[in-house]
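Protein chains: 2
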Amino acid sequence: MSAVDGKPGLRERKKQRTHAAISDAAIRLFLEHGFSQVSVAQVAEAAEVSKRTLFAYFPAKEDLVVHRLADHETETARVVRARPPRTAPLTALREHFLKGLRERDPITGLNDLPAVLRLTRMILDTPSLVARMERFKTGAERALAQALRETADTPELTARLAAVQIVAVHWALAQDNAGRLAYGESADERYAGAVADTEHAFALLENGLRQPVPPSGTYRPVSGRDAPAAPSAGSDG
Amino acid sequence: MSAVDGKPGLRERKKQRTHAAISDAAIRLFLEHGFSQVSVAQVAEAAEVSKRTLFAYFPAKEDLVVHRLADHETETARVVRARPPRTAPLTALREHFLKGLRERDPITGLNDLPAVLRLTRMILDTPSLVARMERFKTGAERALAQALRETADTPELTARLAAVQIVAVHWALAQDNAGRLAYGESADERYAGAVADTEHAFALLENGLRQPVPPSGTYRPVSGRDAPAAPSAGSDG
DNA sequence: GGTAAATGTATACCAGGTGCAGAAATCCTC
DNA sequence: GAGGATTTCTGCACCTGGTATACATTTACC
Numbered sequence: 000m001s002a003v004d005g006k007p008g009l010r011e012r013k014k015q016r017t018h019a020a021i022s023d024a025a026i027r028l029f030l031e032h033g034f035s036q037v038s039v040a041q042v043a044e045a046a047e048v049s050k051r052t053l054f055a056y057f058p059a060k061e062d063l064v065v066h067r068l069a070d071h072e073t074e075t076a077r078v079v080r081a082r083p084p085r086t087a088p089l090t091a092l093r094e095h096f097l098k099g100l101r102e103r104d105p106i107t108g109l110n111d112l113p114a115v116l117r118l119t120r121m122i123l124d125t126p127s128l129v130a131r132m133e134r135f136k137t138g139a140e141r142a143l144a145q146a147l148r149e150t151a152d153t154p155e156l157t158a159r160l161a162a163v164q165i166v167a168v169h170w171a172l173a174q175d176n177a178g179r180l181a182y183g184e185s186a187d188e189r190y191a192g193a194v195a196d197t198e199h200a201f202a203l204l205e206n207g208l209r210q211p212v213p214p215s216g217t218y219r220p221v222s223g224r225d226a227p228a229a230p231s232a233g234s235d236g
Numbered sequence: 000m001s002a003v004d005g006k007p008g009l010r011e012r013k014k015q016r017t018h019a020a021i022s023d024a025a026i027r028l029f030l031e032h033g034f035s036q037v038s039v040a041q042v043a044e045a046a047e048v049s050k051r052t053l054f055a056y057f058p059a060k061e062d063l064v065v066h067r068l069a070d071h072e073t074e075t076a077r078v079v080r081a082r083p084p085r086t087a088p089l090t091a092l093r094e095h096f097l098k099g100l101r102e103r104d105p106i107t108g109l110n111d112l113p114a115v116l117r118l119t120r121m122i123l124d125t126p127s128l129v130a131r132m133e134r135f136k137t138g139a140e141r142a143l144a145q146a147l148r149e150t151a152d153t154p155e156l157t158a159r160l161a162a163v164q165i166v167a168v169h170w171a172l173a174q175d176n177a178g179r180l181a182y183g184e185s186a187d188e189r190y191a192g193a194v195a196d197t198e199h200a201f202a203l204l205e206n207g208l209r210q211p212v213p214p215s216g217t218y219r220p221v222s223g224r225d226a227p228a229a230p231s232a233g234s235d236g
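For the protein sequence lines, the chains are Y and H, in the order given. Under numbering that gives the first Met the number 0, the first residue of the first sequence is numbered 0, with each subsequent residue one higher. Under numbering that gives the first Met the number 0, the first residue of the second sequence is numbered 0, with each subsequent residue one higher.
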């Protein structure tokens, strides 16, 4: 017929449409009735596809949900690789995370659009989905460690250790934000605190856990609180 | 009958015996044929128990393997709580991990008894078992964060961040050791390197990632070496 | 010794996931 | 266009992990 289309080819386009159709049906059903309440057979039926085909597109039920987050697996590594010259990896990562907060990137846990909120909630409430996210963490650690080795001349072990710390902190920050939003706080309300916590967390990464870290310029050694003077901004206290 | 026995009670003893019987049969079969090659029905049959009873003792197949590591979930938290007065949590944790290395505690990855080695290998090679271990990590993080809050007056967020970093580093060190032993190195050969890496890792935790740590020995942070004088001892290079 | 509670068993069942053989669609070539 | 090669989809049977039900057995307690 008309060879107007550029490259993709009908087969390829159809595959993408099927992929999207299955994913959409799955998310819709899961959000409506809960992840464990919906069987893959029901998802397949809703997507007008056989169960066998569904598993050809998604290796497991959990992937119907988390495949959208797969891109983030290499995000930190990409940020480190793409950082401006003479910039420390940690600096680039902090700026990137702060940008994510500003833009309410769901990966930071600071997006309160109803759909995002419910999805986040569902993931955090479903052990098997959390487990799948952990696997992403592992992948992110590996990719980040490699990026540190290749672009910052970080020795093997140091790169690995730095990577696991950084990924763990990222995840903890995001989970903290998500938890607060799930609890009812709005993204705008949470924003200032999220920024303060992020700065705090990266300061901890940079300076170590040895002594309490100065929250914002003023250094308080051992007075017991490393939270800022205005307690409502950060989350400690 | 004879009320000779002290406290346990027959029922209790029988339960413990059944528990052990199931676990032993499982480990034996898994080591012999591989985790995924053995069905829970086979384990139940080998333990002379019904499948239903097996699941009454172990909530999931993976628990047949990892239940022996359940105690370690709260280990770091206990170490922090039991530390001597005026000792920093990190110091206590470092000493404890070093002690584990000396004693070839399997949790450090530095035990090369054939049985331990094969079990470690099996766990690391089986995704679902690794996932189960990750859940232990999460539990360990929570417990450690609480211990830090309660015994070191660490503020909420700081405690959480410190906990995830510490647990991640522990795990990374252990996995590195286990990986090397699985690769053929002996525990005794690895010991010096493991100690050096541990010191390096804890120095990183204490002092932060700020200044790139020198590849070999020129940089001495505060006290003594965080990288050994002989570069071949550690793992960076 | 008898009885209630706990524990174990057999059976059937559900859901996730895979293997297989064949139907159907797409692609490529003429 | 027609035809065959190739890929994809489907229906089906099947396996395994895990659970619900209903019934038997053991243990503890009086």
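Virtual Cβ for every residue (Gly too), placed ideally from N, Cα, C.
Counting along the chain, H/Gly-192 sits inside the alpha helix (DSSP H) bounded by residues 186-206. Here the region 138-150 of chain Y lies against the region 68-87 of chain Y, with 3 or more beta-carbon pairs under 8 Å apart.
Rounded to the nearest angstrom, the gap between the Cα atoms of Y/Ala-25 and Y/Arg-12 is 20 Å. Of all residues in the region 151-172 of chain H, only Asp-152, Pro-154, Glu-155, Leu-156, Thr-157, Arg-159, Leu-160, Ala-161, Val-163, Gln-164, Ala-167, Val-168 and Ala-171 place a beta-carbon less than 7 Å from a beta-carbon of chain Y. Closer than 7 Å at the C-beta level to chain H, one finds no residue of the region 24-44 of chain Y. H/Glu-11 does not reach chain Y, its nearest Cβ partner there being about 30 Å away, counting only Cβ pairs nearer than 7 Å.
Rounded to whole angstroms, Y/Glu-184 and Y/Val-37 show a C-alpha spacing of 29 Å. With the criterion set as a beta carbon lying under 9 Å from some beta carbon of chain Y, the members of the region 129-145 of chain H are Val-129, Ala-130, Arg-131, Glu-133, Arg-134, Lys-136, Thr-137 and Glu-140, in sequence order. Nearest CB-CB separation between H/His-199 and chain Y: below the 9 Å threshold. Sequence-distant Cβ neighbours of Y/Leu-89 in its own chain, meaning closer than 7 Å and more than five residues away, are Phe-201, Leu-204 and Glu-205. Annotation for Y/Pro-113: the continuous alpha helix (DSSP H) segment containing it runs 113-124.
DSSP, read as helix, strand or coil, puts H/Asn-110 in coil. Closest in alpha carbon position to Y/Glu-188, among Y/Ala-139, Y/Ala-173, Y/Asn-110 and Y/Lys-136, is Y/Asn-110. Contact annotation: H/Thr-119 and H/Pro-105 have beta-carbon atoms nearer than 9 Å.
Among the residues of chain Y, those whose CB is under 7 Å from the CB of H/Gly-207 are Leu-204, Glu-205, Asn-206 and Gly-207, following chain order. Annotation: Y/Glu-102 to Y/Glu-133 spans about 24 Å, alpha carbon to alpha carbon.
Under a criterion of Cβ atoms nearer than 9 Å, no residue of chain H is adjacent to Y/Leu-109; the nearest Cβ is some 15 Å distant. Put simply, of H/Met-121, H/Thr-52, H/Gln-15 and H/Arg-67 the residue whose alpha carbon is nearest the alpha carbon of H/Phe-135 is H/Arg-67. Counting every other CB atom within 10 Å of its CB across the protein chains shown gives Y/Arg-16 a total below 16, marking it as exposed. Listed along chain Y is no residue with a C-beta nearer than 7 Å to that of H/Leu-180; the closest approach is about 16 Å. At a cut-off of 9 Å between beta-carbon atoms, Y/Pro-126 makes contact with chain H. The beta carbon of H/Met-121 sits closer than 8 Å to those of Phe-29, Leu-30, Gly-33, Phe-34, Val-64 and Leu-128, all from its chain and outside the five residues before and after it, given in chain order. Using a CB distance cut-off of 9 Å, Y/Ala-69 does not count as an interface residue toward chain H.
Setting aside the 5 residues that flank it on each side, Y/Phe-96 is surrounded in the same chain by Thr-197, each with a C-beta closer than 6 Å to its C-beta; the list follows chain order. At least 9 Å separates the CB of Y/Leu-123 from every CB of chain H.
With respect to Y/Ala-158, Y/Ala-151 sits close: the two C-beta atoms are nearer than 9 Å. Contacts with chain H (Cβ-Cβ distance below 9 Å) from the region 185-198 of chain Y involve Asp-196, listed in chain order. C-alpha of Y/Gln-164 to C-alpha of H/Gln-174: approximately 15 Å in a straight line.
Taking 9 Å as the cut-off, the Cβ atoms of H/Leu-180 and H/Ala-186 count as close. Nearest CB-CB separation between H/Leu-97 and chain Y: not below the 9 Å threshold.
Between H/Gly-207 and Y/Leu-53, the gap from beta carbon to beta carbon reaches 9 Å or more.
Selection H/Ala-40, H/Gly-8 and H/Arg-10 evaluated against H/Ile-21 yields H/Ala-40 as nearest (Cα-Cα). Pairing Y/Glu-61 with Y/Ala-161 gives a Cβ-Cβ distance that is not under 9 Å. Chain H has a Cβ within less than 9 Å of the Cβ of Y/Ala-87. Contact between H/Leu-100 and H/Val-194 holds, with the beta-carbon distance rounding to 6 Å and staying under 8 Å.
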